[in-house]
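Undergrad: So for the sequence shown, our numbering puts the first residue at 2; every next one is plus one. Each residue gets a CB set at the ideal place from its N, CA and C atoms; glycine is no exception. In this text, all values refer to a predicted model and were calculated from it rather than measured experimentally. Please find one structure pasted underneath; my questions will follow.
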Amino acid sequence: MTSTLHVNGQDFDVEIRPHETLADVLRDKLGLIGVKVSCGEGECGSCTILVDGIPCTACLMLGRQGEGHELITVEGIGDFENLHPIQQAFIDEQGFQCGFCTPGFIMTAKAFLNKNPNPTEAEVSIAMSGNICRCGAYPYIVKSVLKAAEDIRNQQR
Ligand code: FES
Ligand code: FES
Numbered sequence: 002m003t004s005t006l007h008v009n010g011q012d013f014d015v016e017i018r019p020h021e022t023l024a025d026v027l028r029d030k031l032g033l034i035g036v037k038v039s040c041g042e043g044e045c046g047s048c049t050i051l052v053d054g055i056p057c058t059a060c061l062m063l064g065r066q067g068e069g070h071e072l073i074t075v076e077g078i079g080d081f082e083n084l085h086p087i088q089q090a091f092i093d094e095q096g097f098q099c100g101f102c103t104p105g106f107i108m109t110a111k112a113f114l115n116k117n118p119n120p121t122e123a124e125v126s127i128a129m130s131g132n133i134c135r136c137g138a139y140p141y142i143v144k145s146v147l148k149a150a151e152d153i154r155n156q157q158r
């Protein structure tokens, strides 16, 4: 059955089988491999995308459930030539080691900073607590999000 998914500002007509997860559809059918699948059961947050602006674990959604919603993946907020300030801040503050968890953290941070543009360190830690980094880069991840918040505020002045 063909479904239409609105992803990163574009409509895509995709054949989706009933059991396919949204994470697998985004990765395997649309080539959006920034959606990382690690646990596959909603525990780690590596597959986090924005669904109508809300961070959601795409491994827990069926592909067809994505229909009728605005879906944003890490590819949709910036690219190599024009990185989003959160993406740049993760590079500047070395908020990763292997990088596998990074897209999920960035998408969680995006939704969080949209709501709280001037967070404290404790607020960032709590907001990021649903994402797991197996490399243990947490202190640098928190620094990255704080730097991104500052950079976004400065850009908006
Ligand atoms: S892969 Fe989706 S939450 Fe872990
Ligand atoms: S940087 Fe390796 S899992 Fe987070």
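Under 6 angstroms from any heavy atom of ligand 1, by CB: list those residues in chain order, please.
TA: Going along the chain, the residues that qualify are VAL38, SER39, CYS40, GLY41, GLY43, GLU44, CYS45, GLY46, SER47, CYS48, THR58 and CYS60.
Undergrad: Does DSSP put PHE113 in a helix, in a strand, or in coil?
TA: Within the sequence shown, numbered from 1, the residue matching residue 113 stands at position 112. Of the three classes helix, strand and coil, the one that applies to PHE113 here is helix, per DSSP.
Undergrad: Kindly indicate which residue of VAL146, VAL8, VAL26 and ARG158 has the alpha-carbon position closest to the one of GLN90.
TA: Position 89 of the sequence shown, counted from the start, is the residue given in the question as residue 90. What sits at residue 90 in the sequence shown is Ala, not Gln. Nearest option by C-alpha distance: VAL146.
Undergrad: Out of curiosity, what's the CA-to-CA distance linking GLY131 and GLU44?
TA: One-based indexing of the sequence shown puts residue 131 at position 130. One-based indexing of the sequence shown puts residue 44 at position 43. So the two alpha carbons sit approximately 8 angstroms from each other.
Undergrad: For the beta strand (DSSP E) containing VAL75, name the first residue and the last one.
TA: In the sequence shown, counting from the first residue as 1, residue 75 sits at position 74. Per DSSP, VAL75 belongs to no beta strand (DSSP E) and is neither H nor E.
Undergrad: Does the Cβ of PHE91 lie closer than 6 angstroms to at least one heavy atom of ligand 2?
TA: Your numbering for residue 91 matches position 90 in the sequence shown. False, no ligand heavy atom lies under 6 angstroms from that Cβ.
Undergrad: Measuring alpha carbon to alpha carbon, tell me which of ARG135, PRO120 and ASN155 ends up nearest LYS144.
TA: Walking along the sequence shown from the start, residue 144 turns up at place 143. When each option's Cα is compared against that of LYS144, the closest is PRO120.
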